[in-house]
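Engineer: Here you go, one structure.
Number of protein chains: 2
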Amino acid sequence: MHGNWIAGQWRAPIEQMGEWQAVDPRSAEVFGDAFPISGRADVDAALSAATAAVQTLAQASNAQIADFLDDYAARIEAELPALAEIAERETGLPQTPRLLSVEGPRTVNQLRLAAAAARDDSWRDAVIDRENGIARWRESLGKAVWCIGPNNFPLAFNGISGSDFASAIVARNPVIAKAHPGHPNTTLKLAQLAEAALQASDLPAATVQLIHHLQPEDGLRMAADPRLGAIGFTGSQRSGLALKSAADRGGALSYLELGSVNPVFLLPGAASADSESFASAFVAGASLGGGQFCTNPGLLVLPHAASAQSLLQHLAQAYQQLPPAQLLSQAVASGLANAISSLCAAGAELCAGAAQSCGPGYKFPWTLLSVSADDYLARSQVLQQEAFGPLTLVVHSATAGQRQAIATGLEGQLTGTLWLGSDGSDNAEAAELGRWLRPKVGRLLENKLPPGVALSPAMHHGGPFPSSVHAGFSAVGMPGAITRFTQLACYDNVGAERIPEPLR
Amino acid sequence: MHGNWIAGQWRAPIEQMGEWQAVDPRSAEVFGDAFPISGRADVDAALSAATAAVQTLAQASNAQIADFLDDYAARIEAELPALAEIAERETGLPQTPRLLSVEGPRTVNQLRLAAAAARDDSWRDAVIDRENGIARWRESLGKAVWCIGPNNFPLAFNGISGSDFASAIVARNPVIAKAHPGHPNTTLKLAQLAEAALQASDLPAATVQLIHHLQPEDGLRMAADPRLGAIGFTGSQRSGLALKSAADRGGALSYLELGSVNPVFLLPGAASADSESFASAFVAGASLGGGQFCTNPGLLVLPHAASAQSLLQHLAQAYQQLPPAQLLSQAVASGLANAISSLCAAGAELCAGAAQSCGPGYKFPWTLLSVSADDYLARSQVLQQEAFGPLTLVVHSATAGQRQAIATGLEGQLTGTLWLGSDGSDNAEAAELGRWLRPKVGRLLENKLPPGVALSPAMHHGGPFPSSVHAGFSAVGMPGAITRFTQLACYDNVGAERIPEPLR
Numbered sequence: 000m001h002g003n004w005i006a007g008q009w010r011a012p013i014e015q016m017g018e019w020q021a022v023d024p025r026s027a028e029v030f031g032d033a034f035p036i037s038g039r040a041d042v043d044a045a046l047s048a049a050t051a052a053v054q055t056l057a058q059a060s061n062a063q064i065a066d067f068l069d070d071y072a073a074r075i076e077a078e079l080p081a082l083a084e085i086a087e088r089e090t091g092l093p094q095t096p097r098l099l100s101v102e103g104p105r106t107v108n109q110l111r112l113a114a115a116a117a118r119d120d121s122w123r124d125a126v127i128d129r130e131n132g133i134a135r136w137r138e139s140l141g142k143a144v145w146c147i148g149p150n151n152f153p154l155a156f157n158g159i160s161g162s163d164f165a166s167a168i169v170a171r172n173p174v175i176a177k178a179h180p181g182h183p184n185t186t187l188k189l190a191q192l193a194e195a196a197l198q199a200s201d202l203p204a205a206t207v208q209l210i211h212h213l214q215p216e217d218g219l220r221m222a223a224d225p226r227l228g229a230i231g232f233t234g235s236q237r238s239g240l241a242l243k244s245a246a247d248r249g250g251a252l253s254y255l256e257l258g259s260v261n262p263v264f265l266l267p268g269a270a271s272a273d274s275e276s277f278a279s280a281f282v283a284g285a286s287l288g289g290g291q292f293c294t295n296p297g298l299l300v301l302p303h304a305a306s307a308q309s310l311l312q313h314l315a316q317a318y319q320q321l322p323p324a325q326l327l328s329q330a331v332a333s334g335l336a337n338a339i340s341s342l343c344a345a346g347a348e349l350c351a352g353a354a355q356s357c358g359p360g361y362k363f364p365w366t367l368l369s370v371s372a373d374d375y376l377a378r379s380q381v382l383q384q385e386a387f388g389p390l391t392l393v394v395h396s397a398t399a400g401q402r403q404a405i406a407t408g409l410e411g412q413l414t415g416t417l418w419l420g421s422d423g424s425d426n427a428e429a430a431e432l433g434r435w436l437r438p439k440v441g442r443l444l445e446n447k448l449p450p451g452v453a454l455s456p457a458m459h460h461g462g463p464f465p466s467s468v469h470a471g472f473s474a475v476g477m478p479g480a481i482t483r484f485t486q487l488a489c490y491d492n493v494g495a496e497r498i499p500e501p502l503r
Numbered sequence: 000m001h002g003n004w005i006a007g008q009w010r011a012p013i014e015q016m017g018e019w020q021a022v023d024p025r026s027a028e029v030f031g032d033a034f035p036i037s038g039r040a041d042v043d044a045a046l047s048a049a050t051a052a053v054q055t056l057a058q059a060s061n062a063q064i065a066d067f068l069d070d071y072a073a074r075i076e077a078e079l080p081a082l083a084e085i086a087e088r089e090t091g092l093p094q095t096p097r098l099l100s101v102e103g104p105r106t107v108n109q110l111r112l113a114a115a116a117a118r119d120d121s122w123r124d125a126v127i128d129r130e131n132g133i134a135r136w137r138e139s140l141g142k143a144v145w146c147i148g149p150n151n152f153p154l155a156f157n158g159i160s161g162s163d164f165a166s167a168i169v170a171r172n173p174v175i176a177k178a179h180p181g182h183p184n185t186t187l188k189l190a191q192l193a194e195a196a197l198q199a200s201d202l203p204a205a206t207v208q209l210i211h212h213l214q215p216e217d218g219l220r221m222a223a224d225p226r227l228g229a230i231g232f233t234g235s236q237r238s239g240l241a242l243k244s245a246a247d248r249g250g251a252l253s254y255l256e257l258g259s260v261n262p263v264f265l266l267p268g269a270a271s272a273d274s275e276s277f278a279s280a281f282v283a284g285a286s287l288g289g290g291q292f293c294t295n296p297g298l299l300v301l302p303h304a305a306s307a308q309s310l311l312q313h314l315a316q317a318y319q320q321l322p323p324a325q326l327l328s329q330a331v332a333s334g335l336a337n338a339i340s341s342l343c344a345a346g347a348e349l350c351a352g353a354a355q356s357c358g359p360g361y362k363f364p365w366t367l368l369s370v371s372a373d374d375y376l377a378r379s380q381v382l383q384q385e386a387f388g389p390l391t392l393v394v395h396s397a398t399a400g401q402r403q404a405i406a407t408g409l410e411g412q413l414t415g416t417l418w419l420g421s422d423g424s425d426n427a428e429a430a431e432l433g434r435w436l437r438p439k440v441g442r443l444l445e446n447k448l449p450p451g452v453a454l455s456p457a458m459h460h461g462g463p464f465p466s467s468v469h470a471g472f473s474a475v476g477m478p479g480a481i482t483r484f485t486q487l488a489c490y491d492n493v494g495a496e497r498i499p500e501p502l503r
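Structure follows, in structure tokens:
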């Protein structure tokens, strides 16, 4: 049984509420050591240790923070083959082209970009008003940040190595990480690398801590604790909003990335002239990672055109020819089955795939559903719910007015895509539809499928509620993502020797 | 009976739930026309009209927005004598030195600073990544913003003329303003000036709307409506947090400015050498506006020094010599009486003033309470609760350790002040105490009393929970305050003709 990593020590839980082991979703076989589900005394110990470290961490120099992150990145880079192997076994995601070749390097790169932001203080937003003797910039929350990673990115969004983690550390907040229970061995290995990097630094031992797992009620208690400054969470709407409601009671900020259906609108000109190349691009984009991305394009709006019916057939054929998608877990499989039954009950028809998972392990046929725009618009609240995994809902729209109605009826989305023909015939509708779609989505794409989230300072990975809970912040992209875990700190008439050097 | 201002028309409420009139707090006399308490049908009408205006307003040019704000500012400036006269009658705040000479010009200036920010797009935070073809900046929430002003600033924080209002308009969000029921005639006059400015512009009629008053349950329903993008609120914790909880259900962002006790720490060197000048400065600062400021210094921590007892006597004498404070309303008087009874039950002793309001109208004696640090620390949750109005709680601290314990036990505060002696003997403690106080306060002051909130881009008017609900944003200071009412909008691979011109 592995312990939690609290105040620099690996400790058996003070209160053990249960235990679990990893599952290989390719075979459904349980494997490896047991991990503990801890209790409120462990939460208390981690929060106390973090609180005791706040003051020292707040005084850490840019170099101390950046060196730690760079060192951690180098250790991850050196151990990527081993990490990718463990993560593959726990998630079913392939090493290549994914964990070893894409997600691992992305994780390393993200930590290095955070280190660079720590060095150049670019997240500080300093404003100095000499005339009034006032200066302000961003500082630590002065409290712990709880980083809770999702099932689908064991490295790049892990609570102990992802953007939330790196952002909180640059802002000088002690991190308490929570592993997603889908990949505890990957998380443990990352924590050991973080531990080595932390020991090589002179940052406080409680700068990073790890509690593997909690029961839901203890999670809510931790969220509501006034010693907590913020929560960074990527996962389901239900869990996330419950955490936020608890966090609001204690005053912690919540940054939740909750997914969405990421609508794609194919416009008539593109459908007529360019239907096959669109179909290939769509299948290539939608089928990445078994469709298990927050930004997976799950809703495709087709125009009424001679080619639309053949396009649907083309997509259905392509989906039928794909081997069943490897899912991350049994939970994804049962979520999909429920979602399909809910979509069909609301009027969607099955064009490819099935309503049931298959084996070995946890797999699911690539599934395509379709519905008319009238039916969609009559039940859009149900039909726009995310079905996480290898599923696409096609909506047949007859008119530009219907497409506009679909756009205006959308809940907040991480992304939205317009696909235009190259002959200019779609330009007028694209401009008009884009105006309605724009405030509904964090990122608007054109002739490009969304799953990719570039590590760019111009990226926005977030969006209006309920895709996230604060559309003013991005979960990805330095230095912007760092500002989530900061507070404005203003100095009014304070003597030069008592204000941070850059503000003097 | 005055109507609401909905979609450009003054309309009697669709559902009238009650009515009320203004009260002159100097005499307790009711005066003037009746104003309606409206119902949910009126909320629905305002939200529908705002939603219909979103698209046009989002396309408004910088000049359209700035010209409207400048025109509105000029109209307020021209009508300041009349506005100050109405506001004085409704709030008891003096015209000079306050409504006419300070708050009025501040209101005009703030609108002009917002207009300047609209012209220069300084709130947009544009980031362009040419290599990846991605650009992002800040845009409108694409939904209505509800601006709810407090009782204590009828002009500068009014829901229809304050920083929340100006910020939301610059960000292209239609505003639904709610008057504080303490000054409906002032608000009506402001709305008429806004109406004239709006008619002179070509902005949509529903760019600004006014619903005078709602029952609490209808207010919560409005907060939870998914057509609402954000709430800007200044007022009590209880009302604000109830609104936030409702807003979270529908996804609206909440920016609440909820007040605090704004602790002032007098350090031993200053107490020994400079006690009288501190006392004069403190009385001058604390007694402004009847102590009815969010940033009023309500908690004074004195050191153990030979002079501390005489300082307390000096303060008590000064408070006794002040004429009773004119309160804004009966509600402030009863809140004070309750607060004093709660503070005394927790161990505080009355040194000056009384536990009862007095007349004519709503007045209250300047009240000074004191408590030992041990007693304070034993019941700090109760003793640090804000008592809005002419009241100061003095804490006698024996050691630097006690002062540090007081600082670390504070809830989030808008401001915190250190008062140092000029001989350098307080410097070491100031540095250490400042490190603990820093993360607890939005603005740290030194040898300066807090009530003033300069209109500076470096100002931070906000702070950690529960003084506000997001310590990363300031309610005052352009362009920062504008960003509260925006979302990040990212363009990925979007054709140049379909992205905003500055991002091309």
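Top to bottom, those sequences are chains A and B. Quick note: the first sequence, position 474, residue 473 per numbering that gives the first Met the number 0, numbers continuous. Quick note: the second sequence, position 151, residue 150 per numbering that gives the first Met the number 0, numbers continuous. Glycine included, each C-beta is placed from N, C-alpha and C at the ideal position.
Relative to the C-alpha of A488(A), which residue among L252(B), E428(B) and G461(B) is closest?
Structural biologist: With distances taken between Cα atoms, A488(A) lies closest to G461(B).
Engineer: Excluding the five sequence neighbours on either side, which residues of its own chain have a C-beta within less than 7 Å of the C-beta of L98(A), listed in chain order?
Structural biologist: Cβ within range, chain order: A83, A86, E87, L92 and L154.
Engineer: Flag this pair as touching only if the segment 358–366 of chain A and the segment 316–325 of chain A have three or more C-beta atom pairs under 8 Å; answer yes or no.
Structural biologist: The segment 358–366 of chain A, when compared against the segment 316–325 of chain A, does touch it at the 8 Å Cβ threshold.
Engineer: Could you give the DSSP three-state label for P262(B): helix, strand or coil?
Structural biologist: Looking at P262(B) - three-state DSSP - the assignment turns out to be strand.
Engineer: Check this for me: beta carbons of F484(B) and L189(B), under 8 Å apart or not?
Structural biologist: Result no, Cβ atoms of F484(B) and L189(B) do not sit closer than 8 Å.
Engineer: Using the C-alpha atoms, what's the distance from A338(B) back to E385(B)?
Structural biologist: Using only the alpha carbons, I get a separation of about 8 Å.
Engineer: Report all residues from its chain with a CB closer than 6 Å to the CB of A317(B); omit the five preceding and five following residues, and keep chain order.
Structural biologist: If we look at A317(B) and ignore the five residues flanking it on each side, its Cβ neighbours are V282.
Engineer: So, is T491(B) buried or exposed, given that buried needs 16 or more other C-beta atoms within 10 angstroms?
Structural biologist: In the sequence on display, residue 491(B) carries Asp and not Thr. The residue in question, D491(B), is buried, as its Cβ has 16 or more Cβ neighbours within 10 Å.
Engineer: Rounded to whole angstroms, how far is the Cβ of E445(B) from the Cβ of A399(B), which I believe are closer than 8 Å?
Structural biologist: Actually they do not touch by this definition, with Cβ atoms about 17 Å apart.
Engineer: Would you tell me roughly how many angstroms separate the C-alpha atoms of P180(A) and P389(B), rounded to the nearest one?
Structural biologist: Using only the alpha carbons, I get a separation of about 54 Å.
Engineer: What ranges does the beta strand (DSSP E) occupy inside the segment 338–401 of chain A, keeping only unbroken runs of at least 3 residues that lie completely in it?
Structural biologist: DSSP runs (the beta strand (DSSP E)) wholly in the segment 338–401 of chain A: 348–351, 366–371 and 390–395.
Engineer: Leaving out five residues before and five after A52(A) in sequence, what residues of the same chain have Cβ atoms less than 7 Å from its Cβ?
Structural biologist: Cβ within range, chain order: P173, P203, A205 and T206.
Engineer: For chain A, check one thing: does any of its Cβ atoms lie closer than 8 Å to the Cβ of Y254(B)?
Structural biologist: Not closer than 8 Å to any Cβ of chain A, the Cβ of Y254(B) fails to qualify, so no.
Engineer: Might you give, ordered along the chain, the residues of its own chain that have their beta carbon closer than 8 Å to the beta carbon of R248(B), omitting 5 neighbours on each side?
Structural biologist: A223.
Engineer: Do we get a CB-CB distance below 8 Å when we pair T55(B) with the residues of chain A?
Structural biologist: It does not; no Cβ of chain A falls within 8 Å.
Engineer: Can you give me the C-alpha to C-alpha distance between W145(B) and S160(B), rounded to a whole angstrom?
Structural biologist: Each residue's Cα considered, the two are about 13 Å apart.
Engineer: Tell me whether I13(B) sits in a helix, a strand or coil according to DSSP, three-state version.
Structural biologist: Coil.
Engineer: Bridge partners of G563(B), per DSSP?
Structural biologist: The structure shown does not extend to residue 563(B), since chain B spans only 0 to 503, so no value can be given for it.
Engineer: Tell me whether D527(A) sits in a helix, a strand or coil according to DSSP, three-state version.
Structural biologist: Given a span of 0 to 503 for chain A in the structure shown, any question on residue 527(A) remains unanswerable.
Engineer: Counting contacts by CB-CB distance shorter than 8 Å, is Q486(B) in contact with chain A?
Structural biologist: It does; some Cβ of chain A falls within 8 Å.
Engineer: Leaving aside the five residues before and after A397(A) along the sequence, list all residues of the same chain whose C-beta is less than 7 Å from its C-beta, in chain order.
Structural biologist: Answer for A397(A): H303 and A372, listed in chain order.
Engineer: Does the distance from the CB of Q208(B) to the CB of W4(B) come in under 8 Å?
Structural biologist: Yes, these two residues count as a Cβ contact at 8 Å.
Engineer: Mind checking if K447(B) is an interface residue toward chain A, Cβ cutoff 8 Å exclusive?
Structural biologist: At least one chain A Cβ lies under 8 Å of K447(B).
Engineer: Following the continuous alpha helix (DSSP H) through V53(A), name the residue where it begins and the one where it ends.
Structural biologist: Here the alpha helix (DSSP H) through V53(A) covers R39 to A57.
Engineer: Name, in chain order, the residues that DSSP records as bridge partners for V300(B).
Structural biologist: Per DSSP, F264(B) and V394(B).
Engineer: Starting from G141(A), find everything on chain B with Cβ-Cβ shorter than 7 Å and list it in chain order.
Structural biologist: Within 7 Å Cβ-Cβ: P438.
Engineer: Can you give me the C-alpha to C-alpha distance between Q401(A) and I168(B), rounded to a whole angstrom?
Structural biologist: Computed Cα separation, rounded: 30 Å.
Engineer: What residues of chain A sit near A457(B), judged by a beta carbon separation below 8 Å?
Structural biologist: What A457(B) touches in chain A: V126, I127, D128, N131, I133, A134, R135 and C489.
Engineer: Going straight from the alpha carbon of L192(A) to that of N150(A), what length do you get?
Structural biologist: Answer to the nearest angstrom: the Cα atoms are 20 Å apart.
Engineer: Out of V468(B), L46(B) and A480(B), point me to the one whose CA is closest to F164(B)'s CA.
Structural biologist: Nearest of V468(B), L46(B) and A480(B) to F164(B), Cα basis: A480(B).
Engineer: With R123(B) and R111(B) assumed to form a contact (beta carbons below 8 Å), what rounded beta-carbon distance in angstroms separates them?
Structural biologist: In fact, because the Cβ distance is near 19 Å, the residues do not count as touching under 8 Å.
Engineer: Bridge partners of F34(B), per DSSP?
Structural biologist: Answer by DSSP bridge pairing, in chain order: W19(B).
Engineer: What did DSSP end up calling T485(A) once you bin it into helix, strand or coil?
Structural biologist: In this structure, T485(A) counts as strand in the three-state DSSP scheme.
Engineer: Name, please, each residue of chain A whose Cβ falls closer than 8 Å to the Cβ of F277(B).
Structural biologist: Going along chain A, no residue has its Cβ under 8 Å from F277(B), so there is no contact; the nearest lies around 15 Å.
Engineer: Going along chain A, which residues have a C-beta under 7 Å from D422(B)?
Structural biologist: Ordered by position in chain A, no residue passes the 7 Å Cβ test against D422(B), which lies about 13 Å from the chain.
Engineer: Starting from the C-beta of P183(A), find all residues in its chain whose C-beta is less than 7 Å away, skip the five residues before and the five after it, and write them out in chain order.
Structural biologist: Excluding sequence neighbours, P183(A) sits near A21, F34 and H211.
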